[in-house]
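Visitor: Chains as they are written, first to last, in the numbering used here: chain H, 1 to 114; chain Y, 115 to 228.
Beta carbons are placed, not taken as given, at the ideal position from N, Cα and C, and that holds for glycine.
Bear in mind the structure is a predicted one, so any value in this text is a computation, not a measurement.
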Amino acid sequence: GDSVTQMEGPVTLSEEAFLTINCTYTATGYPSLFWYVQYPGEGLQLLLKATKADDKGSNKGFEATYRKETTSFHLEKGSVQVSDSAVYFCALSDQGSSASKIIFGSGTRLSIRP
Amino acid sequence: DTAVSQTPKYLVTQMGNDKSIKCEQNLGHDTMYWYKQDSKKFLKIMFSYNNKELIINETVPNRFSPKSPDKAHLNLHINSLELGDSAVYFCASSQWDSGANVLTFGAGSRLTVL
Chain H
1 GDSVTQMEGP
11 VTLSEEAFLT
21 INCTYTATGY
31 PSLFWYVQYP
41 GEGLQLLLKA
51 TKADDKGSNK
61 GFEATYRKET
71 TSFHLEKGSV
81 QVSDSAVYFC
91 ALSDQGSSAS
101 KIIFGSGTRL
111 SIRP
Chain Y
115 DTAVSQTPKY
125 LVTQMGNDKS
135 IKCEQNLGHD
145 TMYWYKQDSK
155 KFLKIMFSYN
165 NKELIINETV
175 PNRFSPKSPD
185 KAHLNLHINS
195 LELGDSAVYF
205 CASSQWDSGA
215 NVLTFGAGSR
225 LTVL
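1. Less than 6 Å between C-beta atoms, sequence neighbours within five positions excluded: which residues of the same chain meet that for ALA53 (chain H)?
2. Straight-line CA distance for PRO114 (chain H) to LEU168 (chain Y)?
3. Which runs of the beta strand (DSSP E) fall wholly inside the region 21 to 75 of chain H and span at least 3 residues, in chain order?
4. Helix, strand or coil for SER83 (chain H) per DSSP?
5. Between which residues of its own chain and PRO10 (chain H) is the CB-CB distance below 8 Å, once the five residues before and five after are set aside?
6. Consult DSSP for LEU141 (chain Y) and reduce its assignment to one of helix, strand or coil.
7. Helix, strand or coil, according to DSSP, for ASP199 (chain Y) in the structure here?
8. For LYS101 (chain H) and chain Y, any beta-carbon pair shorter than 8 Å?
9. Along chain H, in chain order, which residues have C-beta atoms closer than 8 Å to that of GLY220 (chain Y)?
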C-alpha cells in the first residue's frame, strides 16, 4: 500500500540555519503531496502542498518540490526561526477526490535554538 | 469561530469504561475523519465519512464506533476502554482545494486510560 517515510528526529538547529527534512513516498498512481505542521498542544495545519510532478509548494519561507523520479518531497527553509519549532509531517493523498485517504509520515520534531 | 471543534479536550477515565468524543465542523466540508496520534506522534487514520456515509474504516477494534448524524458532525464512541487506547484523537474535515484534498484539523482530544 501507499506509504510515506520521513527522516527521524529530533532535528536541532541554531536560528538562521538552513533546514532540510527528507521525505520519500511509495504510491501507485499520482498522489498529491503535503507538509503539515503541528505546534505544541495544537492540531496539524497545512503548511504547503504540490499536486503534480515538478510542482513546488511554498509558504512562510518553506518550500518543497514534487520529484517523481526520486519519489521525494523534501522540506527546506533557508533561515529558520525559533518560532519554527514544531513537529513536521509529510503526507500523501492517494486519489483525486475529496474522499481520498490521506496518509502521514511519522513526523519530525524540529527544535530551533536562539 | 472555530472551524473544527472537538470536545472534550481532555478525558481521563478507568479501564473498562465507555466514552465519547464529539466533533463538529462549520466549514461546509463533505468529508470528516478521525485520526489517532500515539505518544510518538505517529498519526493513523481510523475512519472517514463522506456526506454521512462511512467510506474509510481502517483496522480498528470494533469497540470503536463512529457516528455521523449529519455531514457537519462526526462522533466517536469507545466501549470497554483499554490502556492502549490512551492517545490524542484528532477530528478533521477536508475539502478539494486547487487539485488536492486538504485537511483541517481540530485541536485534539487527549484520552488517558488508567
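Guide: Inspection of the coordinates gives the following:
1. TYR66 and LYS68
2. 47 Å
3. 23 to 26, 32 to 38, 44 to 50, 56 to 59 and 62 to 65
4. helix
5. THR108, ARG109, LEU110 and SER111
6. coil
7. helix
8. yes
9. GLY43
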